[in-house]
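Q:
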Amino acid sequence: KQWYQRRVAITAGTSNSWLPNIWNNAVQEDPWLPSMTKKQRLMGFMVCLFGGWLCFGLSIIFIPFLLVKARKFVLLFSLGSVFTMASFSMLWGPWNHLQHLFRRDRLPFTVAYFSTLFSTIYVAMVWKSTILTIICAGFQFVALLWYVFSYVPGGVRGLTFFTKMFSKSMLKTAQNVLPV
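In terms of the numbering used here, the sequence shown opens at residue 101 and continues consecutively.
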């Protein structure tokens, strides 16, 4: 088949002919956004995801200046995280996404991620402590990795394995280097 015929075959039977069936299945009906079409929700997903990537990219610029401009890095990084979460809320629907985030098996990841996110923003904006901001940003980054790996099949097991391996190697290094 030619590429056009394959595209028509993929999108046949969808309400939005430019969307593949995979994307149509990902966009779910939600009671909090009942009037938005699938196309509008998908466009909202893409805009929010682009905003998240843009904020992550801009925060990377401040990595060399982390000790001097830690708050700018952290606020851009945190805003990127918020935009990324908002993108999935647009795609799945806010109510469906919240239900998914607060399921019993997802709750530890959700609590860890959002508590580090909000504590990082609070320390950066209210306390304006550079050292605490960097520490909270480190915890936020670890929680973000843990959160992302929890979505990958086998991700939690892999994360646990690498965490144990890393902690053992750091403990051995500290015992060899530090005269205790």
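Where a beta carbon is used, it is the ideal one built from N, C-alpha and C, also for glycine.
(1) With H, G and I counted as helix, E and B as strand and the rest as coil, what does DSSP make of Lys-101?
(2) What are the start and end residues of the alpha helix (DSSP H) that includes Val-147?
(3) With a threshold of 16 other CB atoms inside 10 Å of the CB of Phe-165, please say whether the residue is buried or exposed.
(4) If I measure Cβ to Cβ from Ala-243 and keep anything under 6 Å in the same chain, skipping five residues before and after, which residues do I get?
(5) Taking 6 Å as the cut-off, is the beta-carbon of Ser-189 closer than that to any non-hydrogen atom of the ligand SAH?
(6) If you draw a straight line from the alpha carbon of Leu-154 to that of Thr-233, how long is it in whole angstroms?
(7) Which of the three DSSP states is assigned to Val-248 in this structure?
(8) Measure the alpha-carbon distance for Asp-205 versus Tyr-247 and round it to whole angstroms.
(9) Measure the C-alpha to C-alpha separation of Lys-228 and Val-182 and round it to an integer number of angstroms.
(10) Helix, strand or coil for Arg-203, going by three-state DSSP, please let me know.
(11) How far does the alpha helix (DSSP H) with Phe-165 in it reach, from first residue to last?
(12) For Ala-170, which residues from the same chain have a beta carbon less than 6 Å from its beta carbon, with the 5 sequence-adjacent residues on both sides left out?
(13) Quick check on this structure: which residue in Cys-148, Lys-139 and Trp-195 has the alpha carbon closest to the alpha carbon of Met-185?
(14) Could you pull out every residue in the same chain whose Cβ sits closer than 8 Å to the Cβ of His-200, ignoring the five residues on either side in sequence?
(15) Just to confirm, are Leu-176 and Ser-159 a CB contact at a threshold of 7 Å?
(16) From Ser-267 to Ser-219, what does the alpha carbon distance come to, in whole angstroms?
(17) I think Phe-173 touches Ile-163, with their Cβ atoms under 8 Å apart; what is that distance to the nearest whole Å?
(18) Just the Cα atoms here: how many angstroms apart are Leu-198 and Thr-210?
A: On the basis of the data shown:
(1) As a first step, residue 101 must be located in the sequence shown, where it is residue number 1. Unreliable placement is indicated for Lys-101, whose pLDDT of 46 sits below 50; the coordinate value is still reported in the next sentence. If DSSP states are grouped into helix, strand and coil, Lys-101 belongs with coil.
(2) Along the sequence shown, one-based indexing puts residue 147 at 47. Taken as a continuous stretch (DSSP letters only), the alpha helix (DSSP H) holding Val-147 covers 138-161.
(3) By 1-based counting over the sequence shown, the position of residue 165 is 65. When all chains shown are included, Phe-165 counts as exposed.
(4) Looking up residue 243 in the sequence shown gives position 143. Closer than 6 Å at Cβ, skipping near neighbours: Ala-212, Tyr-213 and Thr-216.
(5) What this structure holds is no ligand at all, so the ligand SAH is not there to describe.
(6) The count along the sequence shown starts at 1 and reaches residue 154 at position 54. The count along the sequence shown starts at 1 and reaches residue 233 at position 133. Straight-line Cα distance between these residues: approximately 21 Å.
(7) Here residue 248 corresponds to residue number 148 of the sequence shown, with the count starting at 1. Note: Val-248 maps to helix in three-state DSSP.
(8) The residue given as residue 205 occupies position 105 in the sequence shown. The residue given as residue 247 occupies position 147 in the sequence shown. Cα to Cα, Asp-205 sits roughly 12 Å from Tyr-247.
(9) Numbered from its first residue, the sequence shown carries residue 228 at position 128. Numbered from its first residue, the sequence shown carries residue 182 at position 82. Distance from the CA of Lys-228 to the CA of Val-182, rounded to the nearest whole angstrom, comes to 20 Å.
(10) Mapped onto the sequence shown, residue 203 falls at position 103. Reduced to three states, the DSSP call for Arg-203 is coil.
(11) Position 65 of the sequence shown, counted from the first residue, corresponds to residue 165. Careful: Phe-165 lies outside any alpha helix (DSSP H) and carries neither H nor E.
(12) As a working mapping, residue 170 is identified with position 70 in the sequence shown. If we look at Ala-170 and ignore the five residues flanking it on each side, its Cβ neighbours are Thr-230, Thr-233 and Ile-234.
(13) Position 85 of the sequence shown holds residue 185. Considering only alpha carbons, the answer is Cys-148.
(14) Working through the sequence shown from its first residue, we reach residue 200 at position 100. Once the five neighbours on either side are set aside, the close Cβ partners of His-200 are Trp-192 and Arg-206.
(15) On the sequence shown, position 76 is the one that residue 176 refers to. On the sequence shown, position 59 is the one that residue 159 refers to. A contact, by the Cβ cut-off of 7 Å.
(16) The residue labelled residue 267 in the question sits at position 167 within the sequence shown. The residue labelled residue 219 in the question sits at position 119 within the sequence shown. In a straight line, the C-alpha of Ser-267 is about 25 Å away from that of Ser-219.
(17) In the sequence shown, residue 173 corresponds to position 73, counting from 1. In the sequence shown, residue 163 corresponds to position 63, counting from 1. Going by Cβ atoms, the distance from Phe-173 to Ile-163 rounds to 7 Å, so yes, they are a contact pair.
(18) Your numbering for residue 198 matches position 98 in the sequence shown. Your numbering for residue 210 matches position 110 in the sequence shown. Their Cα atoms are separated by approximately 10 Å.
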